[in-house]
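My numbering numbers the first residue of the sequence shown as 1 and each following residue consecutively. The beta carbon of each residue, even a glycine, is placed where N, CA and C say it ideally should be.
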Amino acid sequence: MDVIFISEIKNTYANRGITLENKITQKCNEYIKKDIAYIYKIPTNWVVIRKGKKIISAFPKKKSIIDYIGTYKGMAIGIEAKSTTNTTSFPFSNIADHQWNFFKKWCNQAKGYYIVWFKKIDKIFLVDAKNMQKAKDTLGRKSVPLNWFKNNAIELGNDIDFIKYIK
Numbered sequence: 001m002d003v004i005f006i007s008e009i010k011n012t013y014a015n016r017g018i019t020l021e022n023k024i025t026q027k028c029n030e031y032i033k034k035d036i037a038y039i040y041k042i043p044t045n046w047v048v049i050r051k052g053k054k055i056i057s058a059f060p061k062k063k064s065i066i067d068y069i070g071t072y073k074g075m076a077i078g079i080e081a082k083s084t085t086n087t088t089s090f091p092f093s094n095i096a097d098h099q100w101n102f103f104k105k106w107c108n109q110a111k112g113y114y115i116v117w118f119k120k121i122d123k124i125f126l127v128d129a130k131n132m133q134k135a136k137d138t139l140g141r142k143s144v145p146l147n148w149f150k151n152n153a154i155e156l157g158n159d160i161d162f163i164k165y166i167k
């Protein structure tokens with residue numbers, strides 16, 4: 001099995017949220033260590049392209065459903081990490097169709113959340129997946145305005161301590 005280090009992955013469109021995922025993974029590991037919650041990163045299988053011994057490219061074998069899954073106080077929880085370089089809105093197109101579909105089903109039985117990072121203004125929000133779906137269905141836009149997040153989501157600090165907001 002090949003091990004790929006984050007530093008070896010090119011800075012591509014597909015990898016734009018890796019810093020956010022690293023922060024979330026670190027926080028989830030802290031929750032596990034302190035026995036607060038058990039939430040873990042769903043591993044992504046990678047196809048590695050080599051030229052001799054040198055890695056020249058790597059890409060995911062297939063789309064993952066969501067980034068994180070676990071339990072907290074007896075509840076099943078799913079989390080998808082998203083980021084944008086936009087400063088005024090978050091494009092709905094940043095969420096893949098299979099993720100919208102997954103959360104529609106998942107949220108009938110469990111809790112689902114998006115953690116959305118506005119990179120350029122360094123704002124991070126926790127959004128209930130049902131609220132994000134409602135925004136998509138009712139706003140009549142291709143994106144969610146930043147003000148919607150300020151009024152309908154929870155702004156997290158840089159420590160991304162999201163668990164205290166899970167209900």
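Three-state secondary structure (DSSP) at residue i?
i           : result
residue 90  : strand
residue 20  : helix
residue 162 : coil
residue 110 : coil
residue 32  : helix
CA-CA distance, residue i and residue j?
i           : j           : result
residue 80  : residue 156 : 15 Å
residue 96  : residue 74  : 28 Å
residue 24  : residue 122 : 15 Å
residue 102 : residue 65  : 7 Å
residue 150 : residue 144 : 11 Å
residue 55  : residue 139 : 44 Å
residue 93  : residue 41  : 22 Å
residue 107 : residue 51  : 44 Å
residue 46  : residue 137 : 34 Å
residue 158 : residue 82  : 15 Å
residue 126 : residue 33  : 22 Å
residue 114 : residue 35  : 23 Å
residue 2   : residue 135 : Note that residue 2 has pLDDT 40, beneath the 50 cutoff, so the model's placement of it is unreliable and no number is given.
residue 99  : residue 67  : 10 Å
residue 142 : residue 104 : 19 Å
residue 154 : residue 109 : 22 Å
residue 128 : residue 63  : 22 Å
Answer yes or no: do residue i and residue j have a C-beta to C-beta separation smaller than 7 Å?
i           : j           : result
residue 163 : residue 31  : yes
residue 60  : residue 84  : no
residue 160 : residue 72  : no
residue 69  : residue 57  : no
residue 27  : residue 77  : no
residue 168 : residue 152 : Nothing can be reported for residue 168: it is not among the residues displayed for the chain, which extend from 1 to 167.
Between which two residues does the beta strand (DSSP E) carrying residue i extend?
i           : result
residue 128 : 123-128
residue 156 : 154-156
residue 83  : 75-84
residue 168 : Because the chain is modelled from 1 through 167, residue 168 falls outside the range shown and cannot be assessed.
residue 41  : 38-41
residue 56  : 54-60
residue 198 : This structure leaves residue 198 out entirely; the chain is present only between 1 and 167.
residue 95  : Here residue 95 belongs to no beta strand (DSSP E), and DSSP marks it neither H nor E.
Review point. Is the segment 108-124 close to the segment 86-96, with three or more CB pairs under 8 Å?
Key: yes
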